[in-house]
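*Asks:*
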Amino acid sequence: MPDRDLISMLRRLAGAQPDALAFRTEERTWRFDTVRDTAWQIGQALRAEGIGPGDRVACLTRHVIETTLLTLGAASIGAVCMPVNWRLSAQEAAYILANGGARLLITDAMFAATARAAAPPGLRRLLAVDDCEGLDGFEAWYRAQPATDPGWLPDPDSTALQLYSSGTTGLPKGVELSHRNLCVNTEETGAQIGFNGREHAMFNALPPFHIAGVGLTLLTLGRGGLSVCMPEFDPPRIIAAIGEHKVSHLFLVPAMILALVNTPGAERGDYRSLQSISYGAAPISESVLAAATRLFGCGFMQLYGLTETTGAIVYLPPADHDPDGPRRHLMRSAGKAGRLVGLRIVDTATGRDQPEGEVGEIWIRSPQNMLGYWGNPEATAQAFPEGRDAQGGWFRTGDAGYLREGYLFIHDRIKDMVISGGENIYPAEVENALMKHPAVADCAVIGVPDARWGESVKACVVLREGATVTEREIIDFMRAQIAHYKCPKSVDFLAALPRNPSGKLLKYVLRQPYWAGRDRAVS
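Numbering (the numbering used here), first residue to last: 15 to 537.
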């Protein structure tokens with residue numbers, strides 16, 4: 015019977031395979047029984063601080079293992095872990111910590127100054143996972159307690175993890191994920207990617223504040239496998255670790271895959287253990303897929319999901335990654351919905367479902383759908399217009415897309431749509447055409463103010479090394495590719511496009527200079 019909460023899962027696995035390795039870093043390893051005992055010690059230490067059910071404890075650290083241990087320890091007494099994005103300023107981190115009412119915070123030497131500056135009122139402890147002057151050590155703090163099971167029996171539908179949205183359209187929102195959400199993801203995504211227990215090892219270089227960071231580590235743990243983790247993305251060290259630790263599965267964003275492919279000496283790596291590379295945040299280009307397939311010799315799977323859906327709920331399997339086959343167009347899709355997932359494409363103007371092939375907002379029903387936004391019933395109601403139900407309710411993703419033969423094609427974020435002269439223009443369509451230009455390495459399309467049309471289309475272009483092309487040449491090329499009203503009216507040439515730690519494009523950064531001081535919000 016599948017697990018319904020993290021603590022029952024931990025008790026089961028530590029009893030069934032106590033000596034199996036659960037976590038590995040470059041410095042140390044943890045067995046399953048060690049993970050269990052550490053979680054119990056952390057739970058007892060939290061109780062000794064007066065922290066209990068429903069209280070929030072936070073992490074501001076690069077270390078995904080310690081974040082996962084705190085998540086399990088908190089869950090063992092009914093408390094909730096809140097990983098915080100370590101790229102935020104002290105002011106931004108302070109908002110999140112205060113919003114969640116964090117009672118305890120762990121950090122590391124690199125972010126200790128930010129943690130001190132962001133510490134909220136009511137914080138009882140600030141601890142460091144490594145040597146940090148002036149702060150007590152996290153491990154010494156919990157090692158002072160007995161490894162005794164706190165005896166908590168979590169409600170499967172209670173909050174187990176609270177992650178924060180990126181906040182590009184306003185203040186960050188706390189996404190409440192339940193025990194059930196995380197356990198269903200462990201079963202469903204684990205099965206989709208073919209991750210099967212002790213025979214497999216997952217490499218994880220994603221930040222712990224991301225659903226693919228701590229979430230993927232919990233998935234690997236729940237499947238009874240080994241997580242091999244590093245605190246940052248370091249291509250040469252990752253290539254060495256794949257062979258050294260017999261890594262079978264990787265999760266990366268396409269930009270990371272490209273970085274590995276371009277690493278000097280990558281062709282000398284030992285990839286015989288690799289079975290699957292999963293990726294998300296963006297589709298993979300045919301050229302990158304071809305180069306990565308030649309290098310790694312394994313299958314590739316695209317995962318689509320959001321923080322609010324506890325990660326992946328749509329999957330594009332290796333069989334659909336065939337750039338030379340008759341169905342090569344499927345590589346532009348996100349894949350098909352998982353077996354417990356419902357998809358709708360909704361016309362935001364009418365609220366009606368769109369016919370096949372027509373663009374609308376993607377709505378998702380899934381048992382992985384979040385409980386809601388912490389302390390924000392208005393935003394939760396907007397996200398679930400028809401309310402939550404036993405199947406998770408219909409969640410509005412904010413992504414635009416369409417369905418064709420059961421495959422989901424992501425067209426854009428609804429908020430990224432450009433409205434020019436009353437016409438709706440989806441940047442993804444323009445970007446796909448622009449990427450066909452031989453001089454273009456990367457691009458993004460945004461709407462900028464236009465006195466006549468309200469908005470006009472601007473292309474932000476990164477050129478291939480050594481390539482030269484003019485704005486006029488780009489515009490003329492595009493006019494031969496798509497309808498003229500969709501074509502860029504101006505082009506900016508950039509050295510690189512702004513992206514977040516997960517590799518997602520930050521279009522609001524590109525828009526900001528053009529919309530500053532105007533009525534339209536920059537999102």
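Positions of the beta carbon are idealized from the N, C-alpha and C atoms, including for glycine.
A quick note: this is a predicted structure, and the numbers were derived from the prediction, not measured.
If you run the structure through DSSP and keep just helix, strand and coil, what is L102?
*Replies:* coil
*Asks:* Under DSSP, the alpha helix (DSSP H) around Q396 begins and ends at which residues?
*Replies:* P391 to A397
*Asks:* Expressed to the nearest angstrom, what Euclidean distance is found between the alpha-carbon atoms of E40 and R366?
*Replies:* 53 Å
*Asks:* DSSP state of P527, grouped into three classes?
*Replies:* helix
*Asks:* Using DSSP bridges, identify the partner residues of V360.
*Replies:* The partner list for V360 (beta bridge, DSSP) reads D367 and E375.
*Asks:* Is DSSP giving M96 helix, strand or coil here?
*Replies:* Here DSSP, grouped into helix, strand and coil, assigns M96 to strand.
*Asks:* Flag this pair as yes or no: are the beta carbons of T324 and L235 separated by less than 8 Å?
*Replies:* no
*Asks:* Alpha carbon to alpha carbon, how far is L102 from T128? Give it in angstroms, no decimals.
*Replies:* In this structure, the straight-line span from the alpha carbon of T128 to that of L102 is close to 9 Å.
*Asks:* Under DSSP, the beta strand (DSSP E) around H263 begins and ends at which residues?
*Replies:* H263 to L266
*Asks:* Using DSSP with H/G/I as helix, E/B as strand and the rest coil, what is T121?
*Replies:* strand
*Asks:* Which class does H343 belong to by DSSP, given the choice of helix, strand or coil?
*Replies:* helix
*Asks:* Let me check one thing: in DSSP terms, what residues is V462 bridge-paired to?
*Replies:* S470
*Asks:* Answer yes or no: do I439 and K518 have a C-beta to C-beta separation smaller than 8 Å?
*Replies:* no
*Asks:* Measure the Cβ-Cβ separation of S434 and W467 and say whether it is below 8 Å.
*Replies:* yes
*Asks:* Residue ranges of each beta strand (DSSP E) run of no fewer than 3 residues wholly in the stretch 225 to 267, ordered along the chain?
*Replies:* 240 to 243 and 263 to 266
*Asks:* Can you look up G136 in the DSSP assignment and give me helix, strand or coil?
*Replies:* G136: coil per DSSP, three-state reduction.
*Asks:* Less than 8 Å separating the beta-carbons of A273 and W155?
*Replies:* no
*Asks:* Measure the C-alpha to C-alpha separation of G415 and R493 and round it to an integer number of angstroms.
*Replies:* 24 Å
*Asks:* Q316 bridges to which residues according to DSSP?
*Replies:* Y293 and L330
*Asks:* Suppose you measure from the CA of T182 to the CA of A326; what does that come to, to the nearest Å?
*Replies:* Its pLDDT being 46, under 50, T182 is placed unreliably by the model, and nothing is read from it.
*Asks:* Spell out a yes or no on whether the stretch 398 to 415 and the stretch 325 to 345 are touching, meaning 3 or more CB-CB pairs, one atom from each, closer than 8 Å.
*Replies:* no
*Asks:* F152 lies in the alpha helix (DSSP H); which residues open and close that run?
*Replies:* F152 to R157
*Asks:* Output needed for L508: all residues of its chain with C-beta closer than 6 Å, excluding positions within five of it in sequence on either side, in chain order.
*Replies:* C474 and V476
*Asks:* How many angstroms separate the CA atom of E419 from the CA atom of C243?
*Replies:* 38 Å
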